[in-house]
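To start, the structure under review is shown below, and the notes come after it.
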DNA sequence: AAAATGATCAACCGCAAGACC
DNA sequence: CGGTCTTGCGGTTGATCATTT
């Protein structure tokens, strides 16, 4: 016997929520809290499934939601976190109070992915696309000469400097140099910007926690457990991406 | 002005994990 | 210990709005 559906779907309303539905759900949750999503629609007088109500609450109605576009700082943090955590959107969202996993996932898919692609960075691996292709080829090669190794080390060192914010080595007027470094760039090994906190980190953006007492939200205790991930542990600055972006823009104009 | 195309994001779906009995 | 239920997650879809042709 297969699993039963989360709810009886026949006759249930689907699609965009109306203002009236939002009011009903919000009024119910703020007055009663959530004990079982399955029972919420019935008790709140909604013709929706519990899953739909849960999603609506988490992604839209929660009082602690942060509205508006993500800041550049947040965007940079998302990129760094994605490099460490991959597509674990709920884990990433846990670092951004008031933001939802859905929001961050959408932002990644519609904006950051494109931005990285424009910079020839593979959004999956966070490595330059050409380097990814090259590394695949290299896997098939049995050995590498010491001379080549020495050259690669030098290239890596240069990127390390840049990642650390030391632009003194870079002469952006020489595109050849830039391309040479670009090819040798290995983001993952250099950047490693965020200490893995998966296991000891605060519970994810659990709706259970704050939804049981939505008026309180998660402002106090949960936020205290969160560890800011911005500058402290970050070796790689997004500034240098912007710098490259500006550089290419400048080059294309001339 | 209309059609085509692209961008955005809310909402849905199926699956997996954990809780419960 | 196994079956069922509930919740949460990540991938995907499709409606809507904006921009381009």
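Numbering (UniProt numbering), first residue to last: 1 to 254.
Ideal Cβ placement from N, Cα and C applies to all residues, glycine included.
Quantities reported herein were computed from a predicted structural model and do not represent experimental measurements.
Exposed unless 16 or more other CB atoms sit within 10 angstroms - verdict on residue i
i, result
"residue 41", "buried"
"residue 104", "buried"
"residue 52", "buried"
"residue 82", "buried"
"residue 20", "exposed"
"residue 27", "exposed"
"residue 109", "exposed"
"residue 35", "exposed"
"residue 95", "buried"
"residue 116", "buried"
"residue 54", "buried"
"residue 76", "buried"
Whole-angstrom C-beta distance between residue j and residue i, which should lie under 8 Å
i, j, result
"residue 58", "residue 100", "6 Å"
"residue 13", "residue 48", "6 Å"
"residue 107", "residue 70", "6 Å"
"residue 37", "residue 50", "4 Å"
"residue 65", "residue 98", "6 Å"
"residue 56", "residue 25", "6 Å"
Boundaries (first-last residue) of the alpha helix (DSSP H) holding residue i
i, result
"residue 23", "19-32"
"residue 93", "89-93"
"residue 107", "101-107"
"residue 289", "There is no way to answer for residue 289, as the model of the chain reaches only from 1 to 254."
"residue 53", "50-56"
"residue 115", "113-118"
"residue 42", "40-44"
#### Entry: the stretch 89-106 in contact with the stretch 122-129 per 3-pair CB rule at 8 Å
no
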